[in-house]
Amino acid sequence: MDTFPPSEISGFEWGDIIGVISTQSDLMALLNAKQASLHGGPVTLTAGATTTVNNAAVTANSLIFLFPTNLAATVATLVPYISGKSAGVSFTITHIGATGSETFNYLIVN
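The numbering of the sequence shown is the numbering used here, which starts it at 6 and goes up by one.
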C-alpha cells in the first residue's frame with residue numbers, strides 16, 4: 006500500500022498538485038488526506054447545449070470532474086464543462102453540439 010504524502014506533494018494545496026498525481030493511488034491518498042467525500046455516477050449528455058445532472062451531494066464548493074466513457078464523448082468540438090451548481094440539487098454541464106450519445110462518469114469531491 007502506498008504511503009501518504011509522497012515526498013513530491015508534501016505540504017500540497019489543491020492548486021499545487023496538477024501534474025503531480027500520476028496514479029489512482031496518488032489521487033486516493035490525496036483525497037483521504039483531505040478527508041474528502043466522494044460521490045458520482047454515469048451521465049449521458051442530452052442533445053443540444055446543456056445537461057442537468059441531479060445529485061443532492063453538490064455544494065457550492067464541490068469539485069466536479071467528467072471522464073468520457075465512449076468514443077462519442079471524446080470529440081474535441083464537444084468541449085463539456087461544469088457551468089453551474091445548485092447546492093443540494095444538481096449541476097449543469099454545458100457542451101457544444103451533443104447528439105445525446107455521449108457518455109461520461111462524473112466524480113463530485115466535497
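We put the CB at the ideal spot given by N, CA and C, even for glycine. Every value quoted in this text rests on a predicted model; they were computed, and no experiment measured them.
Simplified DSSP assignment, three categories, for residue i
i, result
"Leu68", "strand"
"Asn115", "coil"
"Ala81", "coil"
"Leu32", "helix"
"Asn37", "helix"
"Leu50", "coil"
Own chain partners of residue i with C-beta closer than 7 Å, once the 5 adjacent residues on each side are dropped
i, result
"Ser106", "Ala77"
"Ala90", "Strictly speaking, residue 90 in this sequence is Lys, with Ala absent from that position. Within the same chain, Lys90 has close Cβ partners Val63, Ala65, Ser67, Phe96."
"Thr82", "Ile101, Gly102"
Rounded distance between the beta-carbons of residue j and residue i, thought under 8 Å
i, j, result
"Ile101", "Val84", "5 Å"
"Ala103", "Ala52", "6 Å"
"Val58", "Val48", "5 Å"
"Gly45", "Tyr86", "Wrong, their Cβ atoms sit about 17 Å apart, outside the cutoff."
Residue burial classification, residue i (beta-carbon count within 10 angstroms, cutoff 16)
i, result
"Ala92", "exposed"
"Ala34", "buried"
"Leu50", "buried"
Heavy atom of the ligand HEM within 7 Å of residue i beta-carbon
i, result
"Gly89", "Questions concerning the ligand HEM fall outside what the structure shown contains, since it holds no ligand whatsoever."
Neighbour flag for residue i against chain D, beta carbons, 8 Å
i, result
"Ile113", "Absence of chain D from the displayed structure is noted, only one protein chain being present."
Neighbourhood of residue i by C-beta distance below 8 Å, restricted to the same chain and skipping five residues each side
i, result
"Thr79", "Pro73"
Chain-order list of residues whose beta-carbon lies under 6 Å from that of residue i (same chain, five-residue window excluded)
i, result
"Phe70", "Leu112"
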